[in-house]
Amino acid sequence: MNDAQRRMYELEYPSPAIRDDYAKEQDTTMVVALKGYADAGLAVESSADHLQAALENHPLASFNNDELIDYRSRRPAVTLDGAAPVEIEELELSIKVLRDLRGKPFLLLSGPEPDLRWEAFTTAVADLVDKYDVDNVIFLYAAPMPVPHTRPLIVTAHGISHELVSRMIKMDAKMMVPGSATMFIEKELTKRGRNVAGYTAHVPHYLAASAYPKATLNLLDAVAQSADLQLPLQALEYDVANVDAQLEQQLSDSDEVATVVHGLERQFDDAWDRYRLEHPQAIMPGEEHAPTGDELSAEFEKFLASLEENPGTPGTETGGNGPDIA
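In the UniProt record's numbering, the protein residues as written are 1 to 326.
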């Protein structure tokens, strides 16, 4: 590690295992969930907080706040007791190793988006991805959109990784958005040939300023499906049910709000129908993954290969000892 890297971050020693006997033959995934940018409904921040609270985790790399954070732009909360400060909120920007419910390890980069030195930070993160040979990197976003809360919440995907985006909903448009440190990392990792994808939760614009657990749930569910992770999401499902009940009550109490929501529903339904016609293979919100013809063929080929490798497998013989179906 050179002097610039020492100033930027510190590695944990001994380093927690990123690949072990359970996952050494499987792809390793890093989830990037930085606070402060494109976080409607606090979905990105809540995703990182939920994963760290619910799963076993160990620090891998801790970034130096003095190199990256402008404290004037995000002043930490200070607790006073009399005349003396007794507690100052900690701003932790780090990479941690987490384990899902099966014990499968994955990485989480979380904390405040850096205010300073985006290019140096990007290089540091990309170098760590190379150092630990991370296969897939998924970036989380949440954007305020003109969609109703009464329809399934959509998570769209962008990126060049076929494995991570092929069956998800994609935005069929070219757009310009404000830059972020997260997007700098996306571009650099794409240039280095890593499998990269960005997942964006579409949050109803009238709910973007407050916590919206449905966006958190759908983002993490998309990560779980793409990265083959078992994540604890039941607590989020309870939160979603509670918030939905509160919103339903508000909708019934206000004719003005109901009129606006119904207009958004018609707009959403029209756009949904057009997307289904143009992208028949897409997995829509609330639907199960249905295998494609290519996926079914690949599974059948693997099954036939296993029979050739194990000719004595019960039930595969052609003699008279087959199963009795009488």
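Quick reminder that beta carbons are idealized off the backbone N, C-alpha and C, glycines included. Since the structure is predicted, the reported quantities are computational estimates derived from the model, not experimental observations.
| Check | Outcome |
| --- | --- |
| Status (buried if at least 16 other CB within 10 Å, exposed otherwise) for I185 | buried |
| Exposure of R194, with buried meaning 16 or more beta-carbon neighbours within 10 Å | buried |
| For S15, the three-state DSSP class (helix, strand or coil) | coil |
| Straight-line Cα distance separating M171 from G319 | Reliability of the predicted coordinates at G319 is poor, the pLDDT of 42 falling under 50, and no value is obtained from them. |
| Where N64 sits in the DSSP three-state scheme | coil |
| Cutoff 6 Å; reference V86; Cβ partners in own chain excluding five residues on either side | T79 |
| Spatial distance of A258 from S252 (CA atoms) | 7 Å |
| Counterpart residues of F106 in DSSP-defined beta bridges | L98 |
| Straight-line gap, H149 to A84 (C-alpha atoms, nearest Å) | 46 Å |
| Buried or exposed (CB count within 10 angstroms, at least 16 for buried), V147 | buried |
| Candidates E90, S73, Q246, V196, of which the one nearest H162 by Cα | V196 |
| H262 burial status per 10 Å Cβ neighbour count (16 or more: buried) | exposed |
| Residues that DSSP places opposite K170 in a beta bridge | A157 |
| Alpha-carbon spacing of L219 relative to G36, whole angstroms | 17 Å |
| Three-state secondary structure (DSSP) of Y206 | helix |
| Unbroken beta strand (DSSP E) run spanning M30, endpoints | 29-35 |
| Cut-off 8 Å between Cβ atoms - residues of its own chain near L296, not counting five sequence neighbours on either side | Low local confidence applies: a pLDDT of 46 at L296 is under 50, so the model's placement there is unreliable, with the coordinate-based value given in what follows. So the list is empty, once near-sequence residues are dropped. |
| Bounding residues of the alpha helix (DSSP H) (the contiguous stretch that carries D244) | 234-253 |
| Cβ neighbour criterion (16 or more within 10 Å) applied to L101 | exposed |
| The stretch 197-204 / the stretch 153-162 touching (three or more Cβ pairs under 8 Å) | yes |
| CA nearest to the CA of R74, picked from A61, E90, L60 | E90 |
| Same chain, Cβ closer than 7 Å to A208, neighbours up to 5 away in sequence not counted | A40, G41, P144 |
| Assigned secondary structure, G293 (DSSP; H/G/I helix, E/B strand, else coil) | For G293, the pLDDT reaches just 49, beneath the cut-off of 50, and the residue's location in the model is therefore unreliable, although a value from the coordinates is still provided. If DSSP states are grouped into helix, strand and coil, G293 belongs with the helices. |
| Same chain only: Cβ atoms within 7 Å of L264, ignoring 5 sequence neighbours per side | P146, V147, P148 |
| For P280, the three-state DSSP class (helix, strand or coil) | coil |
| Residue(s) in a DSSP beta bridge with Y212 | Beta-bridge pairing links Y212 to no other residue. |
| C-beta contact flag for V97 and P213 at 8 Å | no |
| L220 - DSSP class collapsed to helix/strand/coil | helix |
| Short Cβ contact (8 Å threshold) for F121 with A181 | yes |
| Inter-residue spacing [alpha-carbon to alpha-carbon] between residue 332 and D70 | Since the displayed the chain opens at 1 and closes at 326, residue 332 lies outside it and no answer follows. |
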